[in-house]
Structure formats: C-alpha cells, structure tokens
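Be aware that the sequence shown starts at 2, since it is given in this note's numbering, and climbs by one per residue.
The C-beta atom is built at its ideal place from N, Cα and C for all residues, glycine as well.
Take a look at the structure set out below.
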Amino acid sequence: MQELSEQRLLLPETCFLKELIYCNLIRVIIFAVMANSTQNVVLITGASSGIGKSIGEYLHLQGYKVYGTSRSPKQDHLNGIHFLSLDVTKPESIKEAVAKLIAIEGQLDVLINNAGKGITGPLEETPDEEVQAAFDTNYFGVLRVIKAVLPQMRKQRSGTIINITSIAGYMGLPYRGIYSATKSALEITTEAYRMELKEFGIKMTNIAPGDFATNIAAGRFHAPVIKGSAYEKNYGRTLAIMDEHVDHGEDPIKMAKKVHSVILTEHPTIHYRVGAFMQRISVALKHILPDKLFEKMLLNHYKL
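Pasting the structure below:
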C-alpha cells in the first residue's frame, strides 16, 4: 500500500514536468519561427554597383530584406536587392522612395548612406559647379536621406545609420581636396548627429573605406589635364597613381562583411576604417607625426 501511495504522489509531479518541458519546447519553436519571419529591413543608397552592390548582396545572403537605390534602376529586383528610384540630390525623390519602402514593410532598421560622387583635379582649376555637385551628393544628399528616415526610426525607438565616408576624409590629399572635404564634413557631422539621436535609441556611425576594386574611377569627375597648365605634369602623374590604387584595391566583400559586423554591434563606435594596412595606419600616423613630416610622406607617395 505504501508503494502504491508513493507512485500516486509521483505521477502528477512527473506529468507536470513533462508538460513544462513540452510547453517550453513549443515556446522556443514559436520564437524561432517569429524571428525568422521578421527580417530586418535595410536601405542602401547607391546600390547598383561597387561597394553598395556588394553590401546589398551580402546582407541579402545573411537574411536581411534589402532595398537598394539608384537614380535609374534597370530592374525592380536583382540578386536579392529590391530597387527603388532615388536621387539624393532631389528631396522629393527621397521622400517618395522612403514612403514607398515604409508603406510596404512598415519598418526600417538600417540605413546605409553609400551613394557618392568622386572628384579629382587641381583646386584652382576645378569648376565651381563640379565642387557644388560633389558636396550636394556626398554631404547634403546624405543629410537629406537621414532626415527622411528619422521619423520612422524615432517611432520605432530603434535604428542604425551607417555613413560610408572615406579614409581620404581624414587628411587633405593632393588633387583630391574637394573629395576629402566632402567626406571630412560628413565624418564630423556624424559625431554630432549620433549624440543628438542617442535618446531615441538610434545608432549612427562612419565606415571609411580605403581603395577598393570598384568602378568609382570610371564614374569620378576628372578635371581635365590641361595642356600648358601649371599643374599638368604633377596632376597627370597623381591621377595615374590614384587610378592604379583603385584598380588594385581591396575586394568589396571585405567592406560588406565590416558593415554586417557593425550592424550586429550593440554599441558601435564612431569611426571604423577598412582597407589596406598602410591606408588604415596613415590615419594614426597623421595624428602622431609632425605635420611637415606627414606632408612629406604624402608628397613622396604621389611622387610630387
């Protein structure tokens, strides 16, 4: 009788334990399904080629819902990227694209400001309209897109904004002074912006690439090497060196992996640099070395 009594006492406890394990297992399965069904939504400007294209395709493979922008998309969907028509120099174009994305997805988790315009030339000889165009795309265009997405991110109380700048933004480079200035302005603005957005749970950071093997050299504005110009010899030589660096640059997938790593970082730092070792270390050297010595290094590098 005592044995039977013990069995009766143990049976309910055993059943309760089985039910508890079963319920917890079901809960884990439901959470896993929900996690997989809710994709993080990413918007990348300038995603039709180069670094932007690599980032978009890589994030798609990691399970993100990726929207890319181009001024004139050739297809609505390509290699996992859903394309939207957007021109960062046209405010209405930006508003329409962002509104369309939010209407479809109801959320925006990550903005990657990648659209940019390369520009080279002697400062004295670069046309004013080209200088303005570079700032309009590389600086003001980025600010326009940020303004367009912030209301949604504030509503969510979350979001990550990654501004693609350049290692050239940390220093003045000969015959790339305007480009350096646009990227430097964005890097400094990011420092201020991220402090203003902290209370809303929105993260912002810079990722500065060095030279990558993309088609940026083909799309860059080159001030012409003017025959008889005071800068003809040195500018022509420097231009050839710059193009060679890009042609033999890093694989863009390296940049894509860094972007993904930053997205997953709970508390990203302000500045990240990606590229060849000497390009990354040059930023530190600028702060360590006397100005004249660092300038001499650059002059030697460009054979000036």
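Residue interval of the beta strand (DSSP E) (run including residue i)
i, result
"glycine 383", "In the structure as shown, the chain starts at 2 and stops at 305, and residue 383 therefore has no counterpart that could be examined."
"phenylalanine 136", "Phenylalanine 136 -> not in any beta strand (DSSP E); alpha helix (DSSP H) instead, spanning 129–136."
"histidine 83", "82–86"
"valine 43", "42–45"
"leucine 112", "111–114"
"isoleucine 168", "Isoleucine 168 -> no beta strand (DSSP E), and no H or E assigned at all."
Proximity winner among the options, relative to residue i (alpha-carbon distances)
i, options, result
"glutamine 40", "Gln108, Ile163, His78, Ser230", "Gln108"
"isoleucine 189", "Glu251, Asn164, Gly202, Ile203", "Asn164"
"leucine 265", "Met205, Gly142, Leu305, Leu299", "Met205"
"alanine 135", "Ser185, His288, His268", "Ser185"
"glutamate 126", "Ile120, Val263, Ala224, Val143", "Ala224"
"leucine 62", "Leu299, Ile282, His261, Lys297", "His261"
"isoleucine 52", "Leu151, Glu200, Val247", "Val247"
"phenylalanine 201", "Lys75, Asn80, Arg155", "Arg155"
"alanine 257", "Glu130, Pro128, Phe213, Ile203", "Phe213"
"isoleucine 113", "Gln133, Gln76, Thr191", "Thr191"
CA-to-CA distance, residue j to residue i, given in whole angstroms
i, j, result
"lysine 255", "valine 275", "8 Å"
"histidine 302", "methionine 243", "11 Å"
"lysine 259", "glycine 229", "44 Å"
"alanine 231", "glycine 178", "17 Å"
"serine 181", "glycine 170", "4 Å"
"glycine 122", "phenylalanine 222", "8 Å"
"aspartate 252", "lysine 304", "26 Å"
"methionine 172", "glutamine 157", "37 Å"
"threonine 270", "proline 175", "29 Å"
"glycine 142", "phenylalanine 295", "32 Å"
"valine 263", "threonine 161", "9 Å"
"lysine 54", "leucine 79", "10 Å"
"proline 291", "arginine 72", "44 Å"
"alanine 33", "serine 50", "Caution applies to alanine 33, whose pLDDT of 43 falls short of 50 and renders its modelled position unreliable; the model cannot decide the point."
Close beta carbons around residue i, own chain, < 6 Å, minus the five adjacent residues each side
i, result
"valine 42", "Lys66, Glu106, Gln108, Leu109, Asp110"
"serine 167", "Lys184, Ala209"
"glycine 69", "Ile45, Ala48, Gly57, Ile82, Phe84"
"tyrosine 194", "Met205"
"glycine 211", "Ile168, Gly276, Ala277, Gln280"
"aspartate 272", "Note that residue 272 is histidine in the sequence shown, not aspartate. Closer than 6 Å at Cβ, skipping near neighbours: Asn207."
Beta-carbon contacts of residue i that lie in its chain and below 8 Å, excluding the five residues immediately before and after
i, result
"isoleucine 103", "Leu109, Gln153"
"aspartate 77", "His83, Phe84"
"leucine 240", "Thr121, Tyr176, His223, Val226"
Same chain only: Cβ atoms within 7 Å of residue i, ignoring 5 sequence neighbours per side
i, result
"threonine 138", "Val89, Thr90, Ala116, Gly117, Lys118"
"proline 92", "Arg145"
"alanine 149", "Ile95, Lys96, Val99"
"leucine 286", "Phe295"
"glycine 64", "Gln40"
"glutamate 233", "Val226, Ile227"
Continuous alpha helix (DSSP H) stretch holding residue i: start and end
i, result
"asparagine 360", "Because the chain here runs from 2 to 305, residue 360 falls outside it and cannot be looked at."
"histidine 268", "Counting along the chain, histidine 268 falls outside any alpha helix (DSSP H), and DSSP gives it neither H nor E."
"glycine 69", "Not the alpha helix (DSSP H): glycine 69 falls in the beta strand (DSSP E), residues 66–71."
"alanine 98", "92–106"
"lysine 184", "178–198"
"proline 175", "Note, proline 175: premise wrong, no alpha helix (DSSP H); not H, not E."
"isoleucine 52", "51–62"
"lysine 228", "From DSSP, lysine 228 is part of no alpha helix (DSSP H); its letter is neither H nor E."
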